[in-house]
Amino acid sequence: FAEVHRLLRADAFCVSFYGWPWIDRFMSAWKEAGFRPVSHLVWVKAHCSREGFTRSHHEVGFLLAKGRPPRPTQPLSDVLPWQYTHNELHPNQKPVVGIVPLIEAFSRPGDIVLDPFAGSGTTGVAARSCRRQFILIETDWHCCQKARARLAH
413 FAEVHRLLRA DAFCVSFYGW PWIDRFMSAW KEAGFRPVSH LVWVKAHCSR EGFTRSHHEV
473 GFLLAKGRPP RPTQPLSDVL PWQYTHNELH PNQKPVVGIV PLIEAFSRPG DIVLDPFAGS
533 GTTGVAARSC RRQFILIETD WHCCQKARAR LAH
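Following our numbering, the numbering of the sequence shown begins with 413 at its first residue and continues without gaps.
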């Protein structure tokens, strides 16, 4: 996150999904990097993705600020749509419908969207549909190949 903060332009946003059992680690990393949490985000799922003490029907993330970015003229809801992907391309595949509202709200056409955890390339697909450029980083070769093939179509 220190590198994401370094690369991000001044007064801009970062959105990060996180695993709730490790919120203390994520929050420490975000704050140590210089990010300020400005909103909590929830994506409601129609399906159960995990069972433990409760049945998980949501994903969570934080909207993080670098500096003092301007507030959107039309603030985004902190409860966002989700569409089951069946995880066909990645074990934790995100749906395009869950990412597009973030890109539209927190960037402008022509901006560059960075995803340092690209997985199946959902952020690239969403960015392209919103007329943004994108940089995707993925360390797993198989995931990288799936993302490349997906973006080639």
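From the three backbone atoms N, C-alpha and C, an ideal C-beta is built for every residue, glycine too.
Item                                                                                                                            : Value
Burial state of C542 (16 or more Cβ within 10 Å)                                                                                : buried
Secondary structure of W455, DSSP reduced to three states                                                                       : strand
Of the residues D436, W432, T466, the one placed nearest V378, counting alpha carbons only                                      : In the structure as shown, the chain begins at 413 and stops at 565. Residue 378 is therefore absent and cannot be evaluated.
Beta-carbon spacing of A477, F425 below 9 Å                                                                                     : yes
Integer-rounded CB distance, given that R562 should sit under 8 Å from S532                                                     : 6 Å
Spatial distance of R483 from G522 (CA atoms)                                                                                   : 19 Å
Supposed contact pair T534 and Q557 - C-beta distance, whole angstroms, cut 8 Å                                                 : Not quite, the Cβ-Cβ distance comes to about 15 Å (not below 8 Å), so this is no contact.
Span of the alpha helix (DSSP H) around I435                                                                                    : 435 to 445
T497 beta carbon less than 9 Å from that of P507                                                                                : yes
Same chain only: Cβ atoms within 8 Å of F529, ignoring 5 sequence neighbours per side                                           : I549, E550
Distance, E463 Cα to P487 Cα                                                                                                    : 33 Å
G473: first and last residue of the uninterrupted beta strand (DSSP E) it sits in                                               : 470 to 478
Contacts around R448, its chain only, beta-carbon distance under 6 Å, and the 5 residues preceding and following it disregarded : A477
Segments assigned alpha helix (DSSP H), at least 4 residues, entirely inside the region 483 to 549                              : 508 to 518, 534 to 541
Same chain, Cβ closer than 6 Å to F438, neighbours up to 5 away in sequence not counted                                         : Y430
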